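Numbering (this note's numbering), first residue to last: 277 to 674.
Reading through the structure tokens given below for one structure.
Here it is in structure tokens:
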């Protein structure tokens, strides 16, 4: 237990202030607001309306249908407790935008399930981000028009980790599992994003994107998992470029899809942005046999770095002639532990084991060598190399 030390100078000052009758105002304490049956607040939105900056809102497990609202207070921690509460739109929306419209700054949402968001303009979301800085953890967003939708905020950092996003999208190609607008930074890690309904599993216009140790994949037609099977377009879409890292991801395109490209970068134009793209130690699998491009790069003057990746299945790796391609493993058939059950750890293969190279550092000095591996569902494990030499792909063969 950490010891508590007192300053004698501060004690003396406080004593003298009391003697002189000076008023010393104690800082207000943050509160914990409890939500659920028999608690102070019956629904999350009633608690949000009462919350002050720095408060924590604890939502007891249960179903909260039609509880839609804006979250205006800043520095809130909103978390599900004693299980995961399920927030259902129930045919309602807040401001024609979302189930929850996040207007406050520095908000964290942890351990919630949200579904059913739909609005008249066909662009509804479970979470609509309008404030500055937002974190989502340990949550499951599914069967909404958009899972998460953010606008333009170049001062904002968005962090998403340990989440599952499934079967979001209206089916029009304009709505997605996750759609991040022009923000300063996106950190997207340890997530499982799958089965987007015609849209993308991840779309980001962020100026800086760290996309690491995730799984992007979808069920085969007719299969059912935590959601229905989707028919996604891009697995990862970065339409305006920006400094972007794809490190240690499992990226699988189903045979039934709406675009043969798996990762798309810069296709809508990059303007004055940086165009440095790092694709390091990912496992790509294309289940469509007749066509496909693993990494489509357009409008980018900077050569992309494609190092230590597995590219399995039919298709072209990339059409960028200047791309740096080093120690990648290319195989039409692939060689995985159990592809039928989506276990894409590679089976023992001399062309993969200890066959990788040190990817070095980015132009900004960031070490590119992966330190983790995706662990299902929506988690990670530490990546330990043998003898200091890295394997190719998203996993070390142990």
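A virtual CB, placed ideally from N, CA and C, is assigned to each residue, including glycine.
Just so you know, these numbers come straight off a predicted model, no measurement behind them.
Bridge-paired residues (DSSP) for residue i
| i | result |
| --- | --- |
| residue 622 | 612 |
| residue 537 | 569 |
| residue 357 | 336 |
| residue 465 | 437, 488 |
| residue 642 | Answer is none; residue 642 lacks a bridge partner. |
| residue 603 | None, per the DSSP bridge assignment. |
| residue 472 | In the DSSP output, where bridge partners are listed per residue, residue 472 has none listed. |
| residue 479 | 455, 513 |
Host beta strand (DSSP E) of residue i (start-end)
| i | result |
| --- | --- |
| residue 651 | 648 to 651 |
| residue 326 | Note, residue 326: premise wrong, no beta strand (DSSP E); alpha helix (DSSP H) at 320 to 326. |
| residue 434 | 429 to 437 |
| residue 596 | Segment: none, residue 596 is in no beta strand (DSSP E) and carries neither H nor E. |
| residue 344 | Neither: residue 344 is in no beta strand (DSSP E) and is coded neither H nor E. |
| residue 455 | 454 to 456 |
| residue 402 | 401 to 405 |
| residue 523 | 519 to 523 |
| residue 386 | 383 to 386 |
| residue 589 | 586 to 589 |
| residue 413 | 410 to 413 |
| residue 389 | 389 to 391 |
| residue 270 | Limits of the chain in this structure are 277 at one end and 674 at the other, which puts residue 270 out of reach. |
| residue 364 | 362 to 364 |
Residue i in three-state terms, based on DSSP
| i | result |
| --- | --- |
| residue 302 | Low local confidence applies: a pLDDT of 41 at residue 302 is under 50, so the model's placement there is unreliable, with the coordinate-based value given in what follows. Reduced to three states, the DSSP call for residue 302 is coil. |
| residue 297 | A caution first: residue 297 carries a pLDDT of 41, below 50, which makes its placement in the model unreliable, though a value can still be read off. Three-state result, residue 297: coil. |
| residue 500 | strand |
| residue 451 | coil |
| residue 617 | helix |
| residue 663 | coil |
| residue 424 | strand |
| residue 542 | coil |
| residue 529 | strand |
| residue 446 | coil |
| residue 548 | coil |
| residue 308 | strand |
| residue 313 | coil |
| residue 460 | strand |
| residue 351 | coil |
| residue 559 | strand |
| residue 668 | coil |
| residue 674 | coil |
| residue 507 | coil |
| residue 417 | strand |
| residue 633 | coil |
| residue 581 | strand |
| residue 553 | strand |
Extent of the continuous alpha helix (DSSP H) to which residue i belongs
| i | result |
| --- | --- |
| residue 654 | Where residue 654 is concerned, there is no enclosing alpha helix (DSSP H), given that its DSSP letter is neither H nor E. |
Whole-angstrom C-beta distance between residue j and residue i, which should lie under 8 Å
| i | j | result |
| --- | --- | --- |
| residue 489 | residue 525 | 7 Å |
| residue 503 | residue 418 | 5 Å |
| residue 585 | residue 558 | 5 Å |
| residue 392 | residue 364 | 5 Å |
| residue 453 | residue 445 | 7 Å |
| residue 457 | residue 441 | So it is not a contact: roughly 17 Å between Cβ atoms. |
| residue 542 | residue 576 | 5 Å |
| residue 498 | residue 549 | Wrong, their Cβ atoms sit about 41 Å apart, outside the cutoff. |
Proximity test, Cβ basis, 8 Å: residue i and chain B
| i | result |
| --- | --- |
| residue 366 | You won't find chain B in this structure, because it holds only one protein chain. |
| Cβ contact (3+ pairs, closer than 8 Å) linking the stretch 368 to 383 and the stretch 405 to 419 | yes
| field | Stretch-stretch touch, CB-based, cutoff 8 Å, three pairs: the stretch 466 to 476 with the stretch 626 to 645 | value | no
| query | Do the stretch 587 to 595 and the stretch 640 to 657 touch if we need at least three Cβ pairs shorter than 8 Å? | reply | no
| query | Are at least three pairs of beta-carbons, each pair with one atom in the stretch 394 to 403 and one in the stretch 608 to 616, less than 8 Å apart? | reply | no
| Can we say the stretch 422 to 434 touches the stretch 507 to 521, given the rule of at least three CB pairs closer than 8 Å? | no
| query | Any chance the stretch 312 to 326 sits against the stretch 336 to 352, with 3 or more Cβ pairs inside 8 Å? | reply | yes
| request: Decide yes or no for the touch test of the stretch 652 to 660 against the stretch 624 to 636: beta carbon pairs closer than 8 Å, at least 3 of them. | output: no
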